[in-house]
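Visitor: To start, I am sharing the structure in question, which I have written as structure tokens.
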Amino acid sequence: MQSTLALATLLASTSLCSAADLPPIPEASIARKKELLFSDDFQGAEPAKVWHKVVPTFSIENGALKGTQTRDQNIPAADGKPAVTAHAAVHGLEIPTKDSVVEVKIRFEGASMIDVEFDDRQYTGSHYGHLCRAIVRPNGVTILDERDGNMRNDIYEMSKDPTKKADRAKLLVGRQATYPAKVEPGKWHTLVVETVGDSMRVTLDGKPAAFLKSSGIGHATKSKIELGVGGKDGFFDDIKVWNAEPASP
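Start counting the sequence shown at 11; every next residue gets the next number (the numbering used here).
Here you go:
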């Protein structure tokens, strides 16, 4: 898993990139939807059993999935209790994909970030099998290649050593991209995350929002999709996951 503090530091570094450094976002979809693999409109009294809690806390509220970060600070071990590391709330779904389209409505009600994550717990080359993710904040959209970027085992270990900050930054070049955006709080926004081969494209409310081409995104066995919320509170609704293939040129 990834601490909120580490993620905040990473996003601060990505924000230093100028607009000229960002890859152009394809205007057209890079993915063609195939069969629908999963959908959930969160109309039950509690999350369906297919979902599992990775990091608390999630609940159903007014027909939507509400995420609230409750592990919001680092607590050292004491009195026989283990240390607690600050971490975003994460809700997980076991759904194997390689190329896919994930569509979900999101709403900020105090949250600092909302994301869609892809993991492979069987993969040992990155911390906790993290592969890639799309992160939405009120002022921007970030795509991370985590498998070959910030969560790659050696790079992750470097994050614990301040003397290796510059060397680590060099290894992260091309592994992440942050684009400016304006996300209105209290309003539903439609987030679409397309992954095809080693490319990820994100749209918000039908408009191109972010794009990254990086090797870790092409991981062939994305076994988990997870929804994350940092801060208080973030909502999800009407999630759909399709298998996909490259869009026709």
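Glycine is no exception: its CB is placed at the ideal position from the N, C-alpha and C atoms. Computed from a predicted model, the values in this text were never measured in an experiment.
Whole angstroms are fine: how far does the CA of aspartate 164 sit from the CA of alanine 219?
Guide: Residue 219 sits at position 209 when you count from the first residue of the sequence shown. Residue 164 sits at position 154 when you count from the first residue of the sequence shown. In a straight line, the C-alpha of alanine 219 is about 30 Å away from that of aspartate 164.
Visitor: Excluding sequence positions up to five away, which residues of its chain have a Cβ less than 6 Å from the Cβ of valine 112?
Guide: Here residue 112 is taken as the residue at index 102 of the sequence shown, counted from 1. These residues qualify, in order along the chain: Val126, Val203, Val251.
Visitor: From the DSSP output, which residues share a beta bridge with asparagine 253?
Guide: Counting from one through the sequence shown, the residue named residue 253 turns up at place 243. Answer by DSSP bridge pairing, in chain order: Ser110.
Visitor: Got a sec, what are the start and stop residues for the beta strand (DSSP E) glutamate 56 sits in?
Guide: Walking along the sequence shown from the start, residue 56 turns up at place 46. Premise fails: glutamate 56 is in no beta strand (DSSP E) and is neither H nor E.
Visitor: Does the contact criterion of 3 or more C-beta pairs under 8 Å hold for the region 223–232 versus the region 56–68?
Guide: Contact fails: fewer than three Cβ-Cβ distances are below 8 Å.
Visitor: So alanine 119 is in the beta strand (DSSP E); what residue range does that whole segment cover?
Guide: The count along the sequence shown starts at 1 and reaches residue 119 at position 109. In the sequence on display, residue 119 carries glutamate and not alanine. Here glutamate 119 belongs to no beta strand (DSSP E), and DSSP marks it neither H nor E.
Visitor: Please return the same chain residues whose Cβ sits closer than 6 Å to the Cβ of glycine 207, not counting the five positions on each side in sequence.
Guide: Residue numbering aside, residue 207 sits at position 197 when the sequence shown is read from its first letter. Same-chain partners within the cutoff: Gly228.
Visitor: Roughly how far, in whole angstroms, is the beta-carbon of aspartate 109 from the beta-carbon of alanine 41, given that I think they are within contact range, below 8 Å?
Guide: Numbered from 1 along the sequence shown, position 99 holds the residue referred to as residue 109. Numbered from 1 along the sequence shown, position 31 holds the residue referred to as residue 41. Right, their Cβ atoms sit about 6 Å apart.
Visitor: Helix or strand or just coil, what does DSSP make of tyrosine 138?
Guide: As a first step, residue 138 must be located in the sequence shown, where it is residue number 128. Tyrosine 138: helix per DSSP, three-state reduction.
Visitor: From the DSSP output, which residues share a beta bridge with isoleucine 70?
Guide: Translated into positions along the sequence shown, residue 70 becomes position 60. In the DSSP output, where bridge partners are listed per residue, isoleucine 70 has Leu75.
Visitor: Exposed or buried, which one is glutamate 45 when buried takes at least 16 other CB atoms within 10 Å?
Guide: By 1-based counting over the sequence shown, the position of residue 45 is 35. With fewer than 16 other Cβ atoms within 10 Å, it is exposed.
Visitor: Count the other CB atoms, across all protein chains shown, that sit within 10 Å of the CB of threonine 213; report buried if there are 16 or more and exposed otherwise.
Guide: Residue 213 sits at position 203 when you count from the first residue of the sequence shown. Buried.
Visitor: If you drop the 5 nearest sequence neighbours on each side, which residues of the same chain put their C-beta closer than 6 Å to that of histidine 137?
Guide: The residue given as residue 137 occupies position 127 in the sequence shown. Within the same chain, histidine 137 has close Cβ partners Met161, Tyr166.
Visitor: Compute the Euclidean distance between the alpha carbons of lysine 170 and glycine 135, then round it to the nearest angstrom.
Guide: Position 160 of the sequence shown holds residue 170. Position 125 of the sequence shown holds residue 135. About 17 Å.
Visitor: Serine 258 by DSSP, collapsed to three states: which one?
Guide: One-based indexing of the sequence shown puts residue 258 at position 248. Three-state result, serine 258: coil.
Visitor: Between Asp51, Val100, Ser49, Pro33, which lies nearest to glycine 244 when the distance is taken from Cα to Cα?
Guide: To locate residue 244, count along the sequence shown from 1; it is residue 234. Minimum Cα distance to glycine 244 is reached at Val100.
Visitor: Contact check, alanine 121 vs lysine 242 under 8 Å by CB: the rounded distance?
Guide: Within the sequence shown, residue 121 is the residue found at index 111, counting from 1. Within the sequence shown, residue 242 is the residue found at index 232, counting from 1. 7 Å between Cβ atoms; contact.
Visitor: Let me know the alpha helix (DSSP H) ranges lying completely inside the region 156–206, each 4 residues or longer, listed in chain order.
Guide: Entirely contained in the region 156–206, the alpha helix (DSSP H) runs reaching 4 residues are, in chain order, 163–168, 175–181.
Visitor: For the beta strand (DSSP E) holding lysine 42, just list the boundary residues, first then last.
Guide: Within the sequence shown, numbered from 1, the residue matching residue 42 stands at position 32. Contrary to the premise, residue 42 reads as arginine rather than lysine in this sequence. Looking at the DSSP string, the run of the beta strand (DSSP E) that includes arginine 42 is 41–50.
Visitor: Taking serine 209 as the reference, give the member of Thr95, Ala179, Ala187 with the closest Cα.
Guide: Within the sequence shown, residue 209 is the residue found at index 199, counting from 1. Closest by alpha carbon: Ala187.
Visitor: With DSSP as the reference, please indicate the residues paired to serine 209 in a beta bridge.
Guide: In the sequence shown, counting from the first residue as 1, residue 209 sits at position 199. Looking at the DSSP assignment, serine 209 forms a beta bridge with Val206, Lys223.
Visitor: Determine whether the beta carbon atoms of methionine 123 and isoleucine 145 lie at a separation below 8 Å.
Guide: Position 113 of the sequence shown, counted from the first residue, corresponds to residue 123. Position 135 of the sequence shown, counted from the first residue, corresponds to residue 145. For methionine 123 and isoleucine 145, yes; Cβs fall inside 8 Å.
Visitor: Could you check which residue in Pro106, Ala191, Glu236 has the C-alpha nearest to that of alanine 98?
Guide: Translated into the one-based positions of the sequence shown, residue 98 becomes position 88. Out of Pro106, Ala191, Glu236, Glu236 has the C-alpha closest to the C-alpha of alanine 98.
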